[in-house]
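Protein chains in written order, with the numbering used here: chain A, 1 to 311; chain B, 312 to 622.
Shown next, in the form of structure tokens:
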């Protein structure tokens with residue numbers, strides 16, 4: 001039951017020699033989501049041994065180049081590899097007109113079929129769902145239209161205890177209602193409480209990705225109780241004036257948002273190229289929100305399954 | 312008097328975890344030319360400490376993505392850095408329609424002014440010249456229209472010997488004609504031969520860049536006696552059938568072209584992603600043309616100045 005976030009790029013707009021522009025891969029129950037696709041993402045996928053054919057969903061937060069210039073190269077390579085797939089691209093509507101000329105110029109048959117899904121910048125919206133998980137986009141606050149993304153498991157039913165099914169000879173027809181919370185009444189009239197018949201379900205896990213945003217309290221309404229919150233910290237606190245000017249966040253902003261959302265863990269990234277040493281980011285953020293980690297290239301963060309509903 | 316070629320990327324279309332798509336920087340007498348601009352070129356420029364503001368001329372051989380997908384990111388970054396410059400882009404004419412939508416989408420004032428110069432795929436053509444150097448484009452033989460580039464110094468005049476000027480009291484008015492080859496006749500009627508009055512000029516140096524081409528003998532007419540020939544070797548000899556199918560070259564093709572052009576040194580690159588070990592490329596090519604080197608990322612090759620015209 002994997003829930004893994006792999007960091008491919010942690011830097012802001014200007015590249016450095018050792019940090020890449022934004023990209024992350026989320027693997028939730030074998031469904032792979034690529035979050036943003038800065039230049040060089042395909043090489044980072046190779047370096048992290050993530051097969052290109054696994055990527056079926058690409059989520060682009062906004063159309064600053066450091067978040068989407070790697071998209072055409074990735075699609076082109078998937079095509080050269082002969083990967084036959086629908087490729088769902090959730091992004092600002094303008095993206096199609098920006099990369100379609102380059103897609104049209106690729107000679108020969110396209111094996112990849114890009115399907116564009118425009119984002120809504122007015123309110124949170126479910127953009128993907130299947131039986132087990134869902135993805136929500138929600139507006140954040142940047143110099144151009146930008147969305148964050150919440151990726152989470154759907155609530156699960158309780159697991160029925162096989163030993164109890166045997167002990168009480170529970171008929172198959174009753175199992176569905178017990179999973180939904182019903183007690184069981186034996187032919188003799190004994191009431192066996194539901195708690196005794198089931199293991200509590202696994203808690204639904206969740207990950208939120210908020211890049212390129214100023215401190216924006218409405219985010220917290222959408223991503224309450226998230227297991228891991230990724231929040232940008234382009235600047236340290238002593239250069240808050242740059243953050244304000246460019247609609248970005250500081251360490252303290254990210255920490256405050258982690259508190260406001262009641263996050264378990266905070267990941268910080270999107271560092272300005274002016275910083276070579278990232279330790280001060282860790283220090284400043286941990287002073288307010290101790291369970292903070294730096295989203296470094298090549299690191300994978302795992303959210304483990306636990307039984308019992310999270311309060 | 313620098314003439315340096317720095318390799319930023321040596322790989323063919325599919326990226327590997329340790330090799331980048333094609334890009335090279337040529338510094339000839341302080342004029343910087345970027346040859347091709349695959350994805351990730353801007354990060355490679357950073358890694359090799361080549362300032363973005365030095366790049367005024369970008370030459371794009373053809374419009375397969377691994378040769379131009381890094382262009383938009385580089386221009387965007389130059390713009391973010393506030394570099395004010397004309398940026399001359401010599402490329403197939405279609406490039407403008409491919410990247411103009413993305414250029415138009417960059418908000419705010421563009422400090423970089425891209426000027427597009429369409430390439431000629433019918434015959435060799437001078438695409439740049441100043442007092443000291445020139446750049447020639449010439450068609451090669453690939454699956455789509457592709458050019459190679461020849462970058463060279465213009466022939467120089469002989470250097471006059473200051474000791475002779477003093478010894479014979481040569482008037483300033485005579486110096487120009489002596490530089491052009493004239494003897495000097497003293498007031499007493501003695502003829503001092505030109506050879507005695509001058510040092511031979513530095514030999515004009517030259518570099519040719521031939522990527523993405525099958526073996527194509529007409530190339531040799533344009534790049535005769537080149538100091539360094541870069542010629543692609545996408546495949547080893549035992550996979551010649553792939554080279555033929557995809558309009559690429561093998562080791563033996565590159566070596567044969569080095570002989571045909573009477574090159575001093577051969578650089579090989581554009582290796583297929585199927586090869587992890589490049590030593591067999593070196594071995595196979597050197598068996599035919601011993602002075603061969605592999606164009607590895609981060610390597611700089613220098614062409615030194617020598618006096619005397621090269622035969």
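Using N, Cα and C, we set each Cβ at its ideal position, and we do this for glycine too.
Can you grab the Cα-Cα spacing for the pair residue 474 of chain B / residue 486 of chain B, in whole Å?
One C-alpha to the other measures close to 13 Å.
Whose C-alpha, out of B/343, B/379 and B/385, is nearest the C-alpha of residue 308 of chain B?
Nothing about residue 308 of chain B can be reported from this structure: the residues present for chain B run from 312 to 622 only.
Given that residue 416 of chain B touches chain A, what residues does it touch there, using C-beta distances under 8 Å?
Near residue 416 of chain B (Cβ distances below 8 Å), the residues of chain A are 63, 94 and 98.
In this structure, what does DSSP give as the bridge partners for residue 90 of chain A?
Per DSSP, A/59 and A/117.
Return the CA-CA distance between residue 379 of chain A and residue 239 of chain A, expressed in angstroms with no decimal places.
The question about residue 379 of chain A has no answer, for chain A in this structure spans 1 to 311.
Buried or exposed: which applies to residue 499 of chain B, given that a residue is buried once 16 or more other Cβ atoms fall within 10 Å of its Cβ?
When all chains shown are included, residue 499 of chain B counts as exposed.
What are the residues that DSSP puts in a beta bridge with residue 231 of chain A?
Residue 231 of chain A is bridged to A/210 and A/268.
Using 10 angstroms around the beta-carbon of residue 9 of chain A, count the other beta-carbons present and answer buried if the total reaches 16, otherwise exposed.
Under this definition residue 9 of chain A is a buried residue.
Could you give the DSSP three-state label for residue 293 of chain A: helix, strand or coil?
Here residue 293 of chain A sits in strand by DSSP.
Quick one: which chain A residues come within Cβ less than 8 Å of residue 357 of chain B?
What residue 357 of chain B touches in chain A: 15, 16 and 17.
Looking at chain B, which residues of the region 107-119 of chain A have a Cβ within less than 8 Å of any of its Cβ atoms?
Those would be 107, in chain order.
Could you work out which residues of chain B lie near residue 72 of chain A, taking near to mean beta carbons separated by less than 8 Å?
Ordered by position in chain B, the residues that pass the 8 Å Cβ test against residue 72 of chain A are 376 and 380.
Can you tell me which of A/3, A/13, A/4 and A/2 puts its alpha carbon nearest to the alpha carbon of residue 235 of chain A?
Looking at the Cα atoms, A/13 is the closest of the given residues.
Starting from residue 76 of chain A, find everything on chain B with Cβ-Cβ shorter than 7 Å and list it in chain order.
Ordered by position in chain B, the residues that pass the 7 Å Cβ test against residue 76 of chain A are 376.
Assuming residue 124 of chain A contacts residue 93 of chain A (C-beta within less than 8 Å), just tell me the rounded distance between them.
Not really, about 18 Å apart at Cβ, beyond 8 Å.
Determine contact between the region 61-68 of chain A and the region 36-43 of chain A, defined as no fewer than three beta-carbon pairs at a distance below 8 Å.
Yes, they touch.
Consider the Cβ of residue 391 of chain B: report whether some Cβ of chain A lies at a distance smaller than 9 Å.
Chain A, which has a Cβ nearer than 9 Å to the Cβ of residue 391 of chain B, makes this yes.
How should residue 317 of chain A be labelled, buried or exposed, when 16 other C-beta atoms within 10 angstroms of its C-beta is the threshold for buried?
This structure gives no information on residue 317 of chain A, because the portion of chain A shown stretches from 1 to 311.
Classify residue 129 of chain A: buried if its beta carbon has 16 or more other beta carbons within 10 angstroms, exposed otherwise.
Exposed is the call here.
Pop quiz: residue 541 of chain B and residue 566 of chain B are said to be a contact at Cβ under 8 Å. What is the actual Cβ separation, rounded to whole angstroms?
Contact doesn't hold; Cβ gap of about 13 Å is too wide.
Strictly below 8 Å CB to CB, what residues from chain A border residue 351 of chain B?
Simply 39, 40 and 43.
Please name the residue in B/317, B/481, B/387 and B/314 whose C-alpha comes closest to that of residue 423 of chain B.
Ranking B/317, B/481, B/387 and B/314 by Cα distance to residue 423 of chain B puts B/387 first.
Given residue 616 of chain B, which residues of its chain have a CB within under 8 Å of its CB, disregarding the five upstream and five downstream residues?
For residue 616 of chain B, where only same-chain residues beyond five positions count, the Cβ hits under 8 Å are 312, 314, 513, 514 and 516.
Comparing alpha-carbon positions, which option in B/465, B/413, B/365 and B/371 lies nearest residue 397 of chain B?
Among B/465, B/413, B/365 and B/371, the Cα nearest to that of residue 397 of chain B is on B/365.
Which residue comes first and which comes last in the alpha helix (DSSP H) that contains residue 486 of chain B?
Residue 486 of chain B -> alpha helix (DSSP H) spans 483-490.
To which residues of the same chain is residue 257 of chain A closer than 6 Å at the C-beta, ignoring the five residues directly before and after it?
Here the set comprises 231.
Note the first and the last residue of the continuous alpha helix (DSSP H) segment covering residue 20 of chain A.
First-last for residue 20 of chain A: undefined, no H or E at that position.
Hey, quick one: how far does the beta strand (DSSP E) through residue 197 of chain A stretch, first residue to last?
No beta strand (DSSP E) holds residue 197 of chain A; the alpha helix (DSSP H) holding it covers 194-197.
What residues in its chain sit with their C-beta under 6 Å from that of residue 447 of chain B, if we drop five residues either side in the sequence?
Correct list, in chain order: 435, 437 and 461.
Can you give me the Cβ contacts of residue 355 of chain B inside the same chain, cut-off strictly under 8 Å, excluding the 5 residues immediately before and after it?
Around residue 355 of chain B: 319, 320, 331, 334 and 608.
Going straight from the alpha carbon of residue 484 of chain B to that of residue 496 of chain B, what length do you get?
The alpha-carbon atoms of residue 484 of chain B and residue 496 of chain B are separated by roughly 13 Å.
Can you list, in chain order, the residues of the region 454-468 of chain B whose Cβ is nearer than 8 Å to any Cβ on chain A?
So the close ones are 454 and 455.
Using CA coordinates, which residue listed in A/48, A/50, A/83 and A/96 is at the minimum distance from residue 71 of chain A?
When only C-alpha atoms are compared, the closest one is A/96.
Flag residue 196 of chain A as yes if its beta-carbon sits less than 9 Å from any beta-carbon of chain B, otherwise no.
Chain B contact via Cβ: absent.
With a threshold of 16 other CB atoms inside 10 Å of the CB of residue 502 of chain B, please say whether the residue is buried or exposed.
That one is exposed.
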